[in-house]
Amino acid sequence: MNDSLVTQFGAPDAPYCDSTTARVTIIPAPLEYSVCYMKGTEHGPQAILNASSQMELYDEELGWCPIEIGVYTRPPLDYSGMDHAAALKSTGDAVSKVLELGQLPFILGGEHSLSAPPIAVVHEYFPDLTVVHIDAHGDLRDEYDGTTLSHASVERRVVDMGIPLLEIGIRSLSPEEAEFMKTSPDIKIVWGYQLANGTAVIPWERLSKHTYVTIDLDALDPSEMPAVGTPEPGGLHWYQLLDLFREICLRTIVVGMDVVELCPREGQTRADFLAAKLVYKMIGYRFYDDLK
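For the sequence shown, numbering that gives the first Met the number 0 assigns the number 0 to the initial residue and increments by one for each residue that follows.
Encoded structure:
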């Protein structure tokens, strides 16, 4: 059965996957240590790769095949025998190797805690970095379930790094996080209800020259993305999310990105395909202007 697993994003029609010439390296990161509701994120990266083999590679909106810029998928990270901290370090090390080659790292998760080390590594390369976090949840707890490495604490770690943070689509926040926001951390939040009722004002001026974008798939409404560990009603819709990401690419240089928290479910293959198509659209938007 393992022989049928897709190893290159967009395969079998993906001839542009040379590791030395690719402009994007996809890092499958099947990390799952701190999920607190429905499990299964460790299977997310492979589900995305498998679904990507069923995509048409021509983008009708952009008028080209984004795969042609070169998209290499490295073997999935192996976390066997590692504790959470070691697994996170391994993820950051993989991103560092991609940056050393001058390529764009794109991590497929896995649970959201995996984002902190890649962000830290990218920040070393681009000290002016801003993080854009598109999610249903704030992920701003100092710790959760006794660990500061939790998926529920990932953006708190970003704040600890001194990196400006813009959160978009948030519609679930704990009392602890609400109290933390009263301390005026370097965070701006665009709430889900504001996007829904048309009152959202996105502070694009916060973006610096270089940006890291992390997208938790539960940012999307569960009617469109049912296969996540912690679904929240009232989320973004497909074209809303694409419009947000394209606007980011028009205003800044995206130097690292991840898509996390897919929990594949039997009978919900549409969710795997949506995640794969999102990854492909993000690559297309990111490099479209480079071809002009």
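Note that CB positions come from ideal geometry on N, CA and C, so glycine has one too.
- Secondary-structure assignment with DSSP links P104 through a beta bridge to T24.
- Less than 8 Å divides the Cβ of V5 from the Cβ of S51.
- The beta carbon of Q267 sits closer than 8 Å to the beta carbons of P225, A226 from its chain, once the five residues preceding and following it are set aside; these are given in chain order.
- Between Y211 and V254, the C-beta gap is smaller than 8 Å, which places the two residues in contact.
- In the three-state scheme derived from DSSP, where H, G and I count as helix and E and B as strand, I247 is classed as helix.
- Taking 8 Å as the upper bound for CB-CB distance, D215 and F105 are not in contact here, some 15 Å apart.
- About 4 Å separates the beta carbon of P44 from that of L107, a gap short enough to meet the 8 Å contact definition.
- Around the beta-carbon of T198, fewer than 16 other beta-carbon atoms lie within 10 Å, marking it exposed.
- Taken through DSSP and simplified to helix, strand or coil, H236 comes out as coil.
- Buried is the label assigned to L243, since at least 16 other Cβ atoms lie within 10 Å of its Cβ.
- Less than 8 Å separates the beta-carbon of A151 from that of Y143.
- In terms of Cβ geometry, P116 and I282 do not form a close pair [threshold 8 Å].
- DSSP places S173 in the coil class of the three-state scheme, outside both helix and strand.
- Of the candidates A93, E123, L103, E175, the residue whose Cα lies closest to the Cα of T24 is L103.
- Judged by DSSP secondary structure, H111 falls outside any alpha helix (DSSP H); it is assigned neither H nor E.
- Secondary structure at L216: helix, using DSSP grouped into helix, strand and coil.
- With distances taken between CA atoms, D141 lies nearest to E175 out of E175, V131, V130, L113.
- Residue range 83 to 99 is occupied by the alpha helix (DSSP H) that includes K96.
- Taking the C-beta atoms as reference points, L261 is found no nearer than 8 Å to A10.
- CA-CA distance, F179 to K208, rounds to 27 Å.
- For M54, there is no enclosing beta strand (DSSP E), since its DSSP letter is neither H nor E.
- About 34 Å separates the CB atoms of S149 and S3; that is not less than 8 Å, and the two are not in contact.
- Taken through DSSP and simplified to helix, strand or coil, D289 comes out as helix.
- Pairing I162 with I201 gives a Cβ-Cβ distance that is not under 8 Å.
- Taking C-beta atoms as the reference points, L235 and R205 fail to come closer than 8 Å.
- Straight-line measurement puts the Cα of A177 at about 43 Å from the Cα of G69.
- In the displayed model, Y211 falls within a strand according to three-state DSSP.
- Beta-bridge partners of E166 (DSSP): H132, I188.
- Around the beta carbon of Y238, fewer than 16 other beta carbons lie within 10 angstroms, which makes this residue exposed.
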